[in-house]
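What follows is a set of notes on a single structure, which appears directly below.
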Amino acid sequence: MLDRVKKHFKSQKPKKTPAQRARQQAALLANVAEEQRGKLNADILDAATELGMVENIALLANSTENNFTGVNMYCDDEAVFVQAPLNPRATDIAACCGRAMEVRGDAFLARVRDNEDEFERLDFTLREVSSSAPWVKEAAAQNERKRNAESAQAAFARMQAARPENGAAASTAPPARVTELTPAEAAKEEGNAAIKRGDVAQAEAHYSNALRLDAGLTSAHNNRALARLRLGRWADAEADCDAVLAREPRNVKALLRRGAAWEKLGRADEALQDFRRAAELEPQNLEARHAIGGVLQE
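Just so we're aligned: 50 in the UniProt record's numbering is position 50 of the sequence shown, and the numbers increase by one with no gaps anywhere.
Put into structure tokens, the structure is as follows:
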């Protein structure tokens with residue numbers, strides 16, 4: 001989808017003038033650390049301004065509260081520099097979602113489900129592009145909570161800095177940490193990337209490699225179960241889920257995936273038992289509810 005959107009933006013906008021290119025490069029440099037700016041020559045800056053990137057704005061962020069289902073707005077990140085016309089409808093929709101911004105040029109909306117292990121684009125109808133749509137109200141509430149939390153954090157930081165014992169140079173920010181991946185975790189991440197680009201067979205191979213490197217990597221078992229379900233390898237998917245649930249009996253993803261495998265294997269009663277257990281653990285999980293309804297209708 002992003003490739004199609006990028007192609008659309010490229011076909012719609014005129015060639016940038018030297019003045020527009022200069023403004024865009026100045027904006028790029030403003031986001032680069034001062035000590036790094038000297039390393040960026042004219043060729044690098046020219047290449048950067050020809051990338052034609054798509055700006056992804058999360059109007060409704062995916063989270064546990066919404067079953068990891070969000071709504072994103074995709075805009076041309078060069079729209080401001082090429083002086084694209086104001087998009088009133090997209091600007092108003094963003095405002096209704098609690099994201100005050102000026103959207104210029106064409107904009108696209110899409111619903112996605114992304115829980116970091118799996119990524120899926122979901123249906124999103126034109127009728128839902130309305131200020132009264134449920135997702136818009138949910139986004140407005142979510143963004144309001146986020147602003148309130150940020151305000152509270154800022155107030156706390158000011159209070160801490162004002163304490164005499166802290167001194168003028170006191171900082172409340174925790175030290176940055178860099179976490180290095182093990183070889184098994186790196187292989188699992190390669191599998192996640194393959195899943196997102198739709199290469200399920202390659203993903204299954206990466207997850208298997210991760211488990212060869214670390215047989216106790218539960219998340220790799222869970223993700224391989226997903227890949228094997230998509231490959232139609234029901235019994236293998238069940239085995240992976242069993243391995244997860246032996247260590248983590250409350251793992252909802254494993255329960256849902258084992259239930260899906262059992263359903264395909266004709267074991268509806270056991271599938272229903274797993275789906276109901278998942279719903280008990282996460283009452284807001286829409287996938288669990290739909291799965292229960294699907295089994296009961298059979």
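The beta-carbon is built from N, C-alpha and C at its ideal position, and this holds for glycine as well.
Collapsed DSSP secondary structure at residue i in the structure displayed
{"i": "Phe275", "result": "helix"}
{"i": "Leu122", "result": "strand"}
{"i": "Val129", "result": "coil"}
{"i": "Leu109", "result": "strand"}
{"i": "Leu59", "result": "strand"}
{"i": "Val54", "result": "strand"}
{"i": "Asn285", "result": "coil"}
{"i": "Arg104", "result": "strand"}
{"i": "Asp114", "result": "strand"}
{"i": "Leu265", "result": "coil"}
{"i": "Cys96", "result": "helix"}
{"i": "Arg145", "result": "helix"}
{"i": "Asn251", "result": "coil"}
{"i": "Ala176", "result": "Note on Ala176: pLDDT 46, under 50, position unreliable in the model; the coordinate value appears next. Residue state, collapsed to three classes: coil."}
{"i": "Ala168", "result": "Residue confidence for Ala168 is low, a pLDDT of 48 falling below 50, so the modelled location carries little weight; the figure read from the coordinates is stated next. Three-state result, Ala168: coil."}
{"i": "Lys16", "result": "coil"}
Bounding residues of the alpha helix (DSSP H) (the contiguous stretch that carries residue i)
{"i": "Ile76", "result": "Inspection of the sequence shows that residue 76 is occupied by Asp rather than by Ile. First-last for Asp76: Thr69 to Asp76, but that is the beta strand (DSSP E), not the alpha helix (DSSP H)."}
{"i": "Ala84", "result": "First-last for Ala84: undefined, no H or E at that position."}
{"i": "Asp214", "result": "Asp214 -> no alpha helix (DSSP H), and no H or E assigned at all."}
{"i": "Asn222", "result": "Thr218 to Arg230"}
{"i": "Lys10", "result": "Leu2 to Gln12"}
{"i": "Gly191", "result": "Pro183 to Lys196"}
{"i": "Cys241", "result": "Trp234 to Arg247"}
Residue j beta carbon less than 8 Å from that of residue i
{"i": "Ala220", "j": "Leu265", "result": "no"}
{"i": "residue 321", "j": "Asn222", "result": "As displayed, the chain neither begins before 1 nor continues past 298, which places residue 321 out of reach and without an answer."}
{"i": "Asn72", "j": "Ala58", "result": "yes"}
{"i": "Tyr207", "j": "Arg233", "result": "no"}
{"i": "Ala288", "j": "Phe275", "result": "yes"}
{"i": "Arg111", "j": "Leu122", "result": "yes"}
{"i": "Leu281", "j": "Val252", "result": "yes"}
{"i": "Leu226", "j": "Arg257", "result": "yes"}
{"i": "Asn143", "j": "Arg99", "result": "yes"}
Residues of its chain near residue i, where Cβ-Cβ distance is below 6 Å and the 5 sequence neighbours each way are ignored
{"i": "Trp262", "result": "Glu270 and Ala271"}
{"i": "Cys97", "result": "Leu59, Val136, Ala139 and Ala140"}
{"i": "Gln202", "result": "Ala194"}
{"i": "Lys196", "result": "Phe119"}
{"i": "Phe9", "result": "Asp76"}
{"i": "Met53", "result": "Asp77"}
{"i": "Ala84", "result": "Arg104 and Gly105"}
{"i": "Met159", "result": "none"}
Among the options, the one whose alpha carbon lies nearest that of residue i
{"i": "Gly259", "options": "Asp242, Glu248, Arg247 and Ala246", "result": "Asp242"}
{"i": "Gln297", "options": "Glu282, Arg212, Glu280 and Ala268", "result": "Ala268"}
{"i": "Glu107", "options": "Val129, Arg147 and Phe156", "result": "Residue identity check: residue 107 is Ala in the sequence provided, not Glu. Nearest option by C-alpha distance: Val129."}
{"i": "Ala133", "options": "Gln83, Arg230, Lys146 and Ile93", "result": "Ile93"}
{"i": "residue 320", "options": "Arg158, Ala155 and Phe81", "result": "Coverage of the chain is limited to positions 1 through 298, which leaves residue 320 absent and any answer about it impossible."}
7 Å CB neighbourhood of residue i in its chain, flanking five on each side removed
{"i": "Arg228", "result": "Glu204, Asp236, Ala237 and Asp240"}
{"i": "Asn56", "result": "Asn72 and Tyr74"}
{"i": "Met1", "result": "Ala110 and Arg121"}
Beta-carbon contacts of residue i that lie in its chain and below 8 Å, excluding the five residues immediately before and after
{"i": "Leu217", "result": "Ala184, Glu185, Lys188, Ala210 and Leu211"}
{"i": "Thr182", "result": "Leu213 and Asp214"}
{"i": "Leu231", "result": "Val200, Ala201 and Glu204"}
{"i": "Val178", "result": "Annotation note: pLDDT 47 at Val178 (below 50); position unreliable, coordinate value reported separately. Excluding residues within five positions, none has a Cβ falling inside 8 Å."}
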